[in-house]
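Novice: Per this note's numbering, the very first residue in the sequence shown carries number 446; after that it's consecutive.
C-beta atoms are modelled at their ideal positions from N, C-alpha and C, and glycine is treated no differently.
Keep in mind it's a predicted model, so treat the numbers as computed, not measured.
Structure provided below as structure tokens; questions to follow.
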Amino acid sequence: MCGIVGYVGERDALPIILQSLKRIEYRGYDSAGIACITNNGIEVYKDKGKVDDVIEKINYLKSISSNTGMGHCRWATHGAPSKTNAHPHLDGEGGIAVVHNGIIENFQSLKEELLSLGCTFVSETDTEVIPHLINHCLKNSGDVEWELKEAVKETLSRLIGSYAIIVAAKGFDGLVAARKESPLIIGVGDRENFIASDVPAVLEQTNRVIYLDEGDLAVVKNDSVYIENGGAEVKRAERLIPWTIEDAEKGGYEHFMLKEIHEEPKAITDTLRGYLAGDEITLGIDLGIEGDTKGKSILMLACGTSYYAALCGKHIIENLAKVPVQLEFASEFNYSDFVLDGANVTVMAITQSGETADTLMALKKAKRYGCKTVAITNVVGSSATRIADETIYTGAGPEIGVAATKSFVAQLVIFYLLGLQKSLAKLPEAAFLEYLEELRRMPQIAQLVLDEANGNIQKQARYLSKYEHAFFVGRGVNLPIALEGALKLKEISYIHAEGYAAGELKHGPFALLTEDTPVVAIVTHQPFKKSLIKSATQASQNVYEKMLGNVKEIKARGAPVIAIAEEGDEEVEKYVDAVVRVPRTSAIFSPIPNTVALHLLAYWAAKERGCEIDKPRNLAKSVTVE
Ligand code: M6R
């Protein structure tokens, strides 16, 4: 996965391209490059390394007079990070330059064909076939623009796989862009236009954005944007992006991740704002489970953190709405013979980016089963929203850190809203209103964790950071939060962390417990309001006692225990080595404060270990390849 940017206008292209690249380096950061059209042809500079370092070298080495150009930051898929594998790639004559995000699956056979025609390849990338093919499709008609567009079309018809590309050609003062299964937007300016994989790349220049649709091809010049799809011209609406560039920047925090954790209360507020007015929840979409829900069910499909949010959502929706929810990793669903009753199952794809390849593929498969499909995503106009029948947006705002944080709590909020909306016919009104009241308190609850627990969490993180292995355990609605806590810790601090159902430790992992394997245990209390206690099942009331039992078992094996426990719970202190206090809530809402605490714990542990928190090794923000 990579980031691509393009500029056509009347200003100097190079500084704009470099600035845009910096904004989307989270999409790929093992190498970077630029290409600009000049009076002498196409000038290219690229190198291996972090975007910042490559930009610095370009600034030092290059003064290019050009009004048209493109840039790329790479996350390697074909060929290791290197100068030659970095983009842009050129055809043999150096007259065509291409930047690409995606994977060309049939590149090997195309390469052999092109080699037999006399082409020479310099890189190991799949991308390099594209400029060569375009060159071979040129007709020498004299009309450079028309010819380039037609050659790109012909080339694309030969490609199998996914792509967002920008093409520049010597002698043409514009760019051709196209997308298939990879995101691409056009930023609309005044006598200048921008192309990018993602909105933050253009926000400093404009907030007028066109989202290219699947299969779109665009010819972008300084004063026009022409789009066609399937050979015919199409009009795409321009949207005004409400985010400012400040929204997309670090805002004074050392890392995006810390900023984004501190934005969790706001993400909850903004997500609620969209759907909760007074005591009325309006998601505004047909979920396919309206009215009598008998025989109906939900299947959630997701990857990574979004999968854990979905697992929590299963608990929330089943508990509140009593609608059965199944759950599958999107990558597993795609390659299994799933038995699915399309008429009665609503499929929900949970994906903050809306671009995760596995999840998009799963959505398409669900549609083939005839299921109603709903995307729950944070990105307006993302690919998932185009595939699904309906979309519910989370209101987390741009999330730049590779580790998903505020988007996770925003996803949880959607599940509370869904569960409560569907619970209306099943819960006593008093309980419904109490739940709603608690849900409205969640931004303050999250804020309390940030304000009051942060210091202690830093202390516990310092302790945790000395170890190489850790366990995170929980039960019920907090098992997914334990899994999320472990994922976050391993992802950014490189400490090996396993999330486990607390009751499962004795079935194997006990063998690993020693004084060198600290265990973070989420010890959730029982519901504390009378009406909620009545509506909670006996099983969920027993979770606290069972967790204490599990903690004692862990301690008996010599492992240190850090408990995440509620204010006022003095009992837990007797059995553990340290306690991180979170505000007390009903059990069902406890994932919110517990998540904020565990996100902070992972952050501070990674900081203590000096890790590259926003760009953990081997990972990227949106995983647009299978
Ligand atoms: O954009 P998505 O929610 O579909 O992304 C899914 C996962 O790639 C993502 O949650 C990943 O696990 C995060 N980096 C975890 O912090």
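1. Whose CA, out of ARG472, TYR452, ARG456, ASN485, lies closest to the CA of ILE479?
2. Counting only runs that start and end within the stretch 666-731, where is the alpha helix (DSSP H) found for 4 or more residues in a row?
3. Which residue marks the beginning of the alpha helix (DSSP H) containing PHE853, and which one marks its end?
4. From LEU878, THR572, PRO843, pick the residue whose C-alpha is nearest to that of LYS1066; which is it?
5. Under a three-way DSSP split, which group does TYR452 fall into?
6. Tell me whether PHE778 sits in a helix, a strand or coil according to DSSP, three-state version.
7. Contact check, LEU950 vs ILE890 under 8 Å by CB: the rounded distance?
8. Let me confirm a value: ILE549 is counted as buried when at least 16 other C-beta atoms fall within 10 Å, else exposed. Which label applies?
9. What residues match up with ILE482 in a beta bridge as DSSP calls it?
10. Just how far apart, CA to CA, sit PRO888 and THR750?
11. GLN892: beta carbon under 8 Å from a heavy atom of the ligand M6R?
12. What's the call for ASP715, buried or exposed, on a 16-neighbour Cβ count within 10 Å?
13. Give the range of the alpha helix (DSSP H) segment to which ILE761 is assigned.
14. With a threshold of 8 Å, establish whether the CB of GLU705 neighbours any heavy atom of the ligand M6R.
15. So, at 7 Å on beta carbons, what are the nonlocal neighbours of ILE926 in its own chain, with the 5 sequence-adjacent residues on each side left out?
16. Could you check which residue in ALA458, VAL922, ASN995 has the C-alpha nearest to that of SER410?
17. From TYR671 to ASP661, what does the alpha carbon distance come to, in whole angstroms?
18. DSSP state of HIS532, grouped into three classes?
19. For GLY733, decide whether its Cβ has a neighbour in chain D, counting only Cβ atoms nearer than 9 Å.
20. Taking C-alpha atoms, which residue in LEU909, ALA1023, ARG636 lies nearest to LYS1052?
21. Buried or exposed: where does ASP731 fall if 16 or more other Cβ atoms within 10 Å of its Cβ makes it buried?
22. Inspect the CB distances between the stretch 799-818 and the stretch 778-788 and report whether three or more fall short of 8 Å.
23. At 4 residues or longer, what runs of the alpha helix (DSSP H) sit wholly inside the stretch 872-899?
24. Take LEU765 as the anchor and find which of PHE860, GLU725, LEU772 has the nearest alpha-carbon.
25. Determine, using beta-carbon pairs with one atom in the stretch 540-555 and one in the stretch 596-610, whether at least three such pairs fall under 8 Å.
26. Going by other Cβ atoms of all chains shown within 10 Å of its Cβ, with 16 needed for buried, is ALA622 buried or exposed?
27. Where does LYS975 sit, in a helix, a strand or coil, going by DSSP?
28. For LEU620, name the three-state secondary structure that DSSP assigns.
29. So, with DSSP's three-state summary, where would you put VAL589?
30. Indicate whether ILE449 and ILE610 have their beta-carbon atoms separated by less than 9 Å.
31. Helix, strand or coil for ASN551? Go by DSSP, reduced to three states.
32. Taking only heavy atoms of the ligand M6R into account, decide whether any of them is closer than 8 Å to the Cβ of LEU662.
33. In the DSSP assignment, what residue or residues form a beta bridge with PHE916?
34. Does the Cβ of THR796 lie closer than 8 Å to at least one heavy atom of the ligand M6R?
35. Specify the secondary structure class of GLY994 as computed by DSSP and reduced to three states.
36. Cβ of ALA542 within 9 Å of Cβ of VAL499?
Specialist: In this structure, then:
1. As a position in the sequence shown, residue 479 is number 34, starting the count at 1. Nearest of ARG472, TYR452, ARG456, ASN485 to ILE479, Cα basis: TYR452.
2. 701-707, 709-720
3. Locating residue 853 in the sequence shown gives position 408, counting from the first residue. First-last of the alpha helix (DSSP H) with PHE853: 851-868.
4. Reading the sequence shown from its first residue, position 621 is the one you call residue 1066. Considering only alpha carbons, the answer is PRO843.
5. If you number the sequence shown from 1, residue 452 lands on position 7. Reduced to three states, the DSSP call for TYR452 is strand.
6. For the purposes of this step, residue 778 is taken as residue 333 along the sequence shown, with counting starting at 1. If DSSP states are grouped into helix, strand and coil, PHE778 belongs with the helices.
7. The residue given as residue 950 occupies position 505 in the sequence shown. The residue given as residue 890 occupies position 445 in the sequence shown. Rounded, the Cβ-Cβ distance is 29 Å, inconsistent with contact.
8. Against the sequence shown, residue 549 aligns to sequence position 104. It counts as buried.
9. As a first step, residue 482 is located in the sequence shown; it is residue number 37 there, counting from the start. Note: ILE482 sits in a beta bridge opposite ILE487, THR513.
10. Against the sequence shown, residue 888 aligns to sequence position 443. Against the sequence shown, residue 750 aligns to sequence position 305. Those two C-alpha atoms are separated by around 20 Å.
11. Position 447 of the sequence shown holds residue 892. Not under cutoff, so the answer is no.
12. The residue labelled residue 715 in the question sits at position 270 within the sequence shown. ASP715 is buried by the Cβ-count criterion.
13. Reading the sequence shown from its first residue, position 316 is the one you call residue 761. Start and end: 749-766.
14. Taking the sequence shown and counting its residues from 1, one reaches residue 705 at position 260. False, no ligand heavy atom lies under 8 Å from that Cβ.
15. Here residue 926 refers to the residue found at position 481 of the sequence shown. Only CYS757, GLY919, ILE967, PRO1036, ASN1039, THR1040, LEU1043 meet the Cβ criterion.
16. What the structure shows of the chain is the stretch from 446 to 1071, and residue 410 is not part of that stretch, so it cannot be assessed.
17. By one-based count along the sequence shown, residue 671 stands at place 226. By one-based count along the sequence shown, residue 661 stands at place 216. Going by the C-alpha atoms only, they are around 10 Å apart.
18. As a first step, residue 532 must be located in the sequence shown, where it is residue number 87. Three-state result, HIS532: coil.
19. Looking at the structure shown, chain D is missing, and only one protein chain is on hand.
20. Here the question's residue 1052 lines up with position 607 in the sequence shown. Of LEU909, ALA1023, ARG636, the residue nearest in Cα terms is LEU909.
21. Taking the first residue of the sequence shown as position 1, residue 731 is located at position 286. With fewer than 16 other Cβ atoms within 10 Å, it is exposed.
22. yes
23. 874-893
24. Numbered from 1 along the sequence shown, position 320 holds the residue referred to as residue 765. Nearest of PHE860, GLU725, LEU772 to LEU765, Cα basis: PHE860.
25. Because the criterion of three Cβ pairs below 8 Å is met, the stretch 540-555 and the stretch 596-610 touch.
26. The residue you call residue 622 lines up with position 177 of the sequence shown. Burial call: buried.
27. Here residue 975 corresponds to residue number 530 of the sequence shown, with the count starting at 1. Below a pLDDT of 50, predicted positions are generally treated as unreliable, and LYS975, at 48, falls in that range; no measurement from the model is reported.
28. As a first step, residue 620 is located in the sequence shown; it is residue number 175 there, counting from the start. Strand.
29. To locate residue 589, count along the sequence shown from 1; it is residue 144. VAL589: helix per DSSP, three-state reduction.
30. Within the sequence shown, numbered from 1, the residue matching residue 449 stands at position 4. Within the sequence shown, numbered from 1, the residue matching residue 610 stands at position 165. Yes, the Cβ-Cβ distance between ILE449 and ILE610 is below 9 Å.
31. For this step, residue 551 is matched to residue 106 along the sequence shown. Here ASN551 sits in coil by DSSP.
32. As a position in the sequence shown, residue 662 is number 217, starting the count at 1. LEU662: no, Cβ never under 8 Å from the ligand M6R.
33. Position 471 of the sequence shown, counted from the first residue, corresponds to residue 916. Per DSSP, GLU943, VAL964.
34. For this step, residue 796 is matched to residue 351 along the sequence shown. The answer is yes for THR796.
35. Position 549 of the sequence shown holds residue 994. Three-state result, GLY994: helix.
36. Your numbering for residue 542 matches position 97 in the sequence shown. Your numbering for residue 499 matches position 54 in the sequence shown. No, they are not a contact pair.
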